[in-house]
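Enquirer: One structure, pasted below without further comment.
Number of protein chains: 2
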Amino acid sequence: MPTSLDATTPAELRPVLQPLPTLTEAGTRLLEAASDLFYDRGVRAVGVDLIAETAGTTKKTLYDRFGSKDALVALYLLRRAHRWREYLLARLAAAEPDPRTQVLLVFDALEAWMGTQRRGCAFVNAYAELGRGDHPALPVIRAEKAWMRALFDALTGDPEVGGHLHLLYEGTLVVLTAGANPLAAAEARRAVEVALPRLGAG
Amino acid sequence: MPTSLDATTPAELRPVLQPLPTLTEAGTRLLEAASDLFYDRGVRAVGVDLIAETAGTTKKTLYDRFGSKDALVALYLLRRAHRWREYLLARLAAAEPDPRTQVLLVFDALEAWMGTQRRGCAFVNAYAELGRGDHPALPVIRAEKAWMRALFDALTGDPEVGGHLHLLYEGTLVVLTAGANPLAAAEARRAVEVALPRLGAG
DNA sequence: AGGTAACCATACCGGTCTGTATACTCGCAG
DNA sequence: CTGCGAGTATACAGACCGGTATGGTTACCT
Numbered sequence: 001m002p003t004s005l006d007a008t009t010p011a012e013l014r015p016v017l018q019p020l021p022t023l024t025e026a027g028t029r030l031l032e033a034a035s036d037l038f039y040d041r042g043v044r045a046v047g048v049d050l051i052a053e054t055a056g057t058t059k060k061t062l063y064d065r066f067g068s069k070d071a072l073v074a075l076y077l078l079r080r081a082h083r084w085r086e087y088l089l090a091r092l093a094a095a096e097p098d099p100r101t102q103v104l105l106v107f108d109a110l111e112a113w114m115g116t117q118r119r120g121c122a123f124v125n126a127y128a129e130l131g132r133g134d135h136p137a138l139p140v141i142r143a144e145k146a147w148m149r150a151l152f153d154a155l156t157g158d159p160e161v162g163g164h165l166h167l168l169y170e171g172t173l174v175v176l177t178a179g180a181n182p183l184a185a186a187e188a189r190r191a192v193e194v195a196l197p198r199l200g201a202g
Numbered sequence: 203m204p205t206s207l208d209a210t211t212p213a214e215l216r217p218v219l220q221p222l223p224t225l226t227e228a229g230t231r232l233l234e235a236a237s238d239l240f241y242d243r244g245v246r247a248v249g250v251d252l253i254a255e256t257a258g259t260t261k262k263t264l265y266d267r268f269g270s271k272d273a274l275v276a277l278y279l280l281r282r283a284h285r286w287r288e289y290l291l292a293r294l295a296a297a298e299p300d301p302r303t304q305v306l307l308v309f310d311a312l313e314a315w316m317g318t319q320r321r322g323c324a325f326v327n328a329y330a331e332l333g334r335g336d337h338p339a340l341p342v343i344r345a346e347k348a349w350m351r352a353l354f355d356a357l358t359g360d361p362e363v364g365g366h367l368h369l370l371y372e373g374t375l376v377v378l379t380a381g382a383n384p385l386a387a388a389e390a391r392r393a394v395e396v397a398l399p400r401l402g403a404g
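Next comes the structure, spelled out in structure tokens:
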């Protein structure tokens, strides 16, 4: 039973290595602009005209590359998940492998990540805007939540503790942003320390 | 130091008693229709024409009563907070006053509430759609999160434990909906029981 | 030389958005 | 009887929406 991430990283955590689709030059600019705008203002609040203009290109190119706005939204979330996993796994790999350190590091990474990204969880936000239906981004959203849950399970080797930590993680994101409580991450770390003493030092 | 809700309910929890503004007949139908539509489909996805038509009235009446869509959105959230607090406080008042029972009951109430309301936290959803700026609903959203935090603080008499529980509460809502994990509430109750043994029986 | 992928520029389509204007009916209180 | 608040009905304004159409310009590859 794995107790931390190493060469035996479970299959659920592997998708981070999946390469993202290759993009052309203008396509890259479009996805970059769309990502910033979608995250800052919301998916529905941003029109394709604005995206094309911000990227210094045209709507024609946008539709030639991505086919639809919905597909661009799904790709935005997919790439964001990719980057967050890279960021997180790099920090975890550079630290001591004991579960306590690794778990606390997740909340450190979250706080650091949110220090510059001040609009909360892009996946929760997108879910709120897309809601019901069969939008192509919905599977990406569910997959991201399942990945974080699997990460906590893998770090602790205990699904019960993993579930607890995942609830704390998602709660931290909400309280940080919609709750406007900048102490949320610190409270989460404190919660991990006092409430999960079973997480030993290796 | 209060350890449960009773006659000494702290001032932060009193706003639930504030009466909502009185509405005319058509105004009531409009707010009812808007609430259902906003929650189910999202605030931006619902136009004022649809609201008026669903309520069996006209846009003219909507603007005569509420002044703007933004104001209607803020009122929708205000009334939803009001109803959730009434629902929750009624269940808490009917149960044993010991902190452990009361805290677990919050998660019971959340699960029951979400059994029929399947689109997650209306406040988080609205925050995701409104985001930055000075929308009149933003203070309502922050106030709701602060109220829940104050409730947990009051129930436990310990801000550290209150913060921990609040993170679990918000995380449960997210995992239930965007995470599509129906076990979230059960996992949260289990987390409360195993990780907060300090919550005695009175 | 010819083909093709990528891109730019611009105009257009039908539809929807919030919000306003006009004009009418009804009930009720002074 | 008059005035007013509430409501109905409809039309409109001006902007924006996602998506498409047309046409022209590079650069590269065979």
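In order, the protein sequences belong to chains V and A.
Sequential numbering of the first sequence, starting at 1, is according to this note's numbering.
Sequential numbering of the second sequence, starting at 203, is according to this note's numbering.
We put the CB at the ideal spot given by N, CA and C, even for glycine.
Can you give me the Cβ contacts of Leu183 of chain V inside the same chain, cut-off strictly under 7 Å, excluding the 5 residues immediately before and after it?
Expert: none
Enquirer: Buried or exposed: which applies to Arg267 of chain A, given that a residue is buried once 16 or more other Cβ atoms fall within 10 Å of its Cβ?
Expert: buried
Enquirer: Would His337 of chain A count as contacting chain V if we go by Cβ distances under 8 Å?
Expert: no
Enquirer: With DSSP as the reference, label Val194 of chain V as helix, strand or coil.
Expert: helix
Enquirer: Can you list, in chain order, the residues of the stretch 343-354 of chain A whose Cβ is nearer than 8 Å to any Cβ on chain V?
Expert: Ile343, Arg344, Lys347, Ala348 and Arg351
Enquirer: When the Cα of Phe123 of chain V is compared with those of V:Val73, V:Ala34 and V:Arg100, which residue comes out closest?
Expert: V:Val73
Enquirer: CB Thr57 of chain V to CB Leu75 of chain V, shorter than 8 Å?
Expert: no
Enquirer: Is the number of C-beta pairs between the stretch 114-128 of chain V and the stretch 35-46 of chain V that are closer than 8 Å three or more?
Expert: yes
Enquirer: If you drop the 5 nearest sequence neighbours on each side, which residues of the same chain put their C-beta closer than 8 Å to that of Val140 of chain V?
Expert: Only Ala74, Leu77, Leu78, Ala81 and Phe123 meet the Cβ criterion.
Enquirer: Could you pull out every residue in the same chain whose Cβ sits closer than 8 Å to the Cβ of Ile51 of chain V, ignoring the five residues on either side in sequence?
Expert: Leu30, Ala33, Ala34, Leu37, Leu62 and Leu72
Enquirer: Is there at least one Cβ from chain V nearer than 8 Å to Tyr371 of chain A's Cβ?
Expert: yes
Enquirer: Assign Tyr169 of chain V to one of two classes, buried (16 or more other C-beta atoms within 10 Å of its C-beta) or exposed (fewer than that).
Expert: buried
Enquirer: Can you check which of these residues, A:Leu312, A:Glu313, A:Leu294 and A:Leu367, is closest to Gln304 of chain A by C-alpha distance?
Expert: A:Leu294
Enquirer: When DSSP labels each residue in this structure, what does Thr24 of chain V get in the three-state scheme?
Expert: It is coil, neither helix nor strand.
Enquirer: Where does Gln102 of chain V sit, in a helix, a strand or coil, going by DSSP?
Expert: helix
Enquirer: Would you kindly check if the distance between the Cβ of Gly333 of chain A and the Cβ of Arg119 of chain V is under 8 Å?
Expert: yes
Enquirer: So for Glu362 of chain A, helix, strand or coil by DSSP?
Expert: helix
Enquirer: Report yes or no: do the stretch 374-391 of chain A and the stretch 179-198 of chain V share at least 3 C-beta pairs separated by less than 8 Å?
Expert: no
Enquirer: What separation, rounded to the nearest whole angstrom, lies between the Cα atoms of Arg415 of chain A and Arg149 of chain V?
Expert: Here chain A comprises residues numbered 203 to 404, so residue 415 of chain A is not present and cannot be evaluated.
Enquirer: Step through the CB atoms of chain V and report whether any lies within less than 8 Å of the CB of Leu401 of chain A.
Expert: no
Enquirer: Compare the C-beta of Thr230 of chain A with all C-beta atoms of chain V and state if any pair is closer than 8 Å.
Expert: no
Enquirer: Under 6 Å Cβ to Cβ from Glu346 of chain A, same chain only, skipping five residues before and after it: list those, please.
Expert: Ala283 and Phe325
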